[in-house]
Every structure is written in C-alpha cells, then in structure tokens.
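*Asks:*
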Amino acid sequence: MDVLTQLPVSQAYSALTRDPSRAQTVLQALADHVDGDGTHIVQFGQASQVAKWLCQIAEQAATQQQWDLLDEATQTMCIWDGAWDQWNAQERISPWLDSLQGDAAAAVAGILRQYPDSAGHFSHLAHSRIVDSRIRQAVELSQQ
C-alpha cells in the first residue's frame with residue numbers, strides 16, 4: 004500500500020491505463036486492505052494518503068475520459084473515505100467533486116449514491132449552485 008501510493012500519480016496512471024484488467028485487480032486489492040491485511044494495521048496518515056492518491060488517479064481518469072478507471076478509482080476512494088473519514092483527504096476530494104461536469108459528474112454521482120458513508124462527508128456541496136446537480140443530489144441523498 005505504501006509503495007503504491009508513493010508512485011508519482013502520472014506514472015501510476017499510465018500503468019493503470021495500459022492494462023485495465025490489472026488496474027481493476029490492483030484497485031480491488033487496495034479496497035480489500037482498507038482495514039489492513041491481518042499483519043499490518045492501517046494508520047490514519049496512510050488512510051489519508053491512499054484516499055488522496057486515489058482521488059488524483061480518478062481526477063486523471065475523468066480528464067482523459069477513462070470511464071472504467073474512473074469508476075474503479077472513485078469506488079475505492081469512497082471505500083477508504085467512508086471507512087476512515089480523514090479531513091485532509093476530504094480537503095483534496097471536495098474541490099475535485101466540485102469541479103466535475105458532464106459524463107464524469109454523472110459517473111461519480113452514481114458511485115456516491117452507492118457509498119453514502121463517503122458522500123455524507125461532502126454534505127456542504129449539496130447547497131452549492133456551482134456543483135453539478137447530480138453530485139448535489141447524490142450528496143443530499145446521503146443525508147436522508
């Protein structure tokens with residue numbers, strides 16, 4: 004986990020887009036380690052680093068319209084954020100959610116609906132007229 008998140012995002016992103024099936028495997032393994040691996044307990048700083056790293060991967064995927072990678076990275080990010088509730092990671096994620104538009108906003112909104120524990124951390128976006136309406140609705144639904 005530490006080795007993966009220490010990779011420069013551009014290098015990791017290139018590797019993940021080259022082999023989509025391996026990307027899915029890597030991101031699923033990362034999701035499976037949200038509570039540690041039985042021998043290693045995740046520390047707060049590590050959880051924050053993972054969520055921020057995943058946000059950066061998702062951001063690149065959205066920009067490049069790599070929809071499968073966007074889905075996988077965002078789901079994994081939401082798993083980590085929902086489990087760990089790290090404010091400094093959320094400070095990285097929130098502006099990204101705020102910036103999403105079009106197909107990327109639609110995709111991420113759908114994922115946020117699946118992960119209300121994470122979506123709830125961004126409740127402040129529900130009342131912003133700048134935020135895409137689908138993101139606002141997904142965040143608002145998490146509060147119900």
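Residue numbers (the numbering used here): 4 to 147. Even for Gly, the Cβ is constructed at its ideal location relative to N, Cα and C. The structure displayed is predicted, hence computed values, not measured ones.
Is the beta carbon of Q31 less than 9 angstroms from the beta carbon of C81?
*Replies:* By 1-based counting over the sequence shown, the position of residue 31 is 28. By 1-based counting over the sequence shown, the position of residue 81 is 78. Cβ atoms of Q31 and C81: not closer than 9 angstroms.
*Asks:* Taking the Cβ atom as the reference point for each residue, do W87 and A54 lie within a distance shorter than 9 angstroms?
*Replies:* By 1-based counting over the sequence shown, the position of residue 87 is 84. By 1-based counting over the sequence shown, the position of residue 54 is 51. Yes, these two residues count as a Cβ contact at 9 angstroms.
*Asks:* Here's a check: name, in chain order, each residue in its chain whose Cβ is nearer than 6 angstroms to the Cβ of D156, leaving out the five neighbours to either side.
*Replies:* As displayed, the chain neither begins before 4 nor continues past 147, which places residue 156 out of reach and without an answer.
*Asks:* So the alpha helix (DSSP H) V37 belongs to, where does it begin and stop?
*Replies:* Residue 37 sits at position 34 when you count from the first residue of the sequence shown. Premise fails: V37 is in no alpha helix (DSSP H) and is neither H nor E.
*Asks:* For A50, collect the residues of the same chain with a Cβ closer than 7 angstroms to its Cβ; drop the 5 residues on either side in sequence, then sort them by chain order.
*Replies:* Within the sequence shown, residue 50 is the residue found at index 47, counting from 1. Once the five neighbours on either side are set aside, the close Cβ partners of A50 are W83, W87 and Q89.
*Asks:* For the putative contact between A107 and L73, defined by C-beta atoms under 8 angstroms, what is the C-beta separation to the nearest angstrom?
*Replies:* Along the sequence shown, one-based indexing puts residue 107 at 104. Along the sequence shown, one-based indexing puts residue 73 at 70. About 7 angstroms separates the two Cβ atoms, so the contact holds.
*Asks:* Tell me which same chain residues have a C-beta within less than 6 angstroms of the C-beta of L57, skipping the five on either side of it?
*Replies:* Taking the sequence shown and counting its residues from 1, the one referred to as residue 57 is at position 54. For L57, where only same-chain residues beyond five positions count, the Cβ hits under 6 angstroms are A76, T79 and M80.
*Asks:* Excluding five sequence neighbours on each side, which residues of the same chain lie with their C-beta closer than 7 angstroms to the C-beta of T8?
*Replies:* Translated into positions along the sequence shown, residue 8 becomes position 5. Closer than 7 angstroms at the Cβ level, and outside the excluded window around T8, lie Q52, V53 and W56.
*Asks:* Spatial neighbours of V111 within its chain, please: C-beta separation below 6 angstroms, excluding the five flanking residues on both sides.
*Replies:* Start at 1 with the first residue of the sequence shown, and residue 111 comes out as number 108. Around V111: T77 and L103.
*Asks:* Closer than 6 angstroms by C-beta to T93: which residues in its own chain qualify, once you throw out the five before and the five after it? Chain order, please.
*Replies:* For this step, residue 93 is matched to residue 90 along the sequence shown. The question names Thr, but residue 93 in the sequence shown is Gln. Within the same chain, Q93 has close Cβ partners H124.
*Asks:* Among D120, G105 and D22, which residue has its Cα nearest to the Cα of V134?
*Replies:* Numbered from its first residue, the sequence shown carries residue 134 at position 131. Of the listed residues, the one whose Cα sits closest to V134 is G105.
*Asks:* With a cut-off of 8 angstroms on the beta carbons, I'd call D139 and S145 a contact; round off their distance for me.
*Replies:* Counting from 1 along the sequence shown, the entry for residue 139 is found at position 136. Counting from 1 along the sequence shown, the entry for residue 145 is found at position 142. Strictly speaking, residue 139 in this sequence is Arg, with Asp absent from that position. In fact, because the Cβ distance is near 11 angstroms, the residues do not count as touching under 8 angstroms.
*Asks:* Can you check whether the CB of V12 is closer than 9 angstroms to the CB of Q69?
*Replies:* In the sequence shown, the residue the question calls residue 69 occupies position 66. In the sequence shown, the residue the question calls residue 12 occupies position 9. Cβ distance not < 9 angstroms, so Q69 and V12 don't count as in contact.
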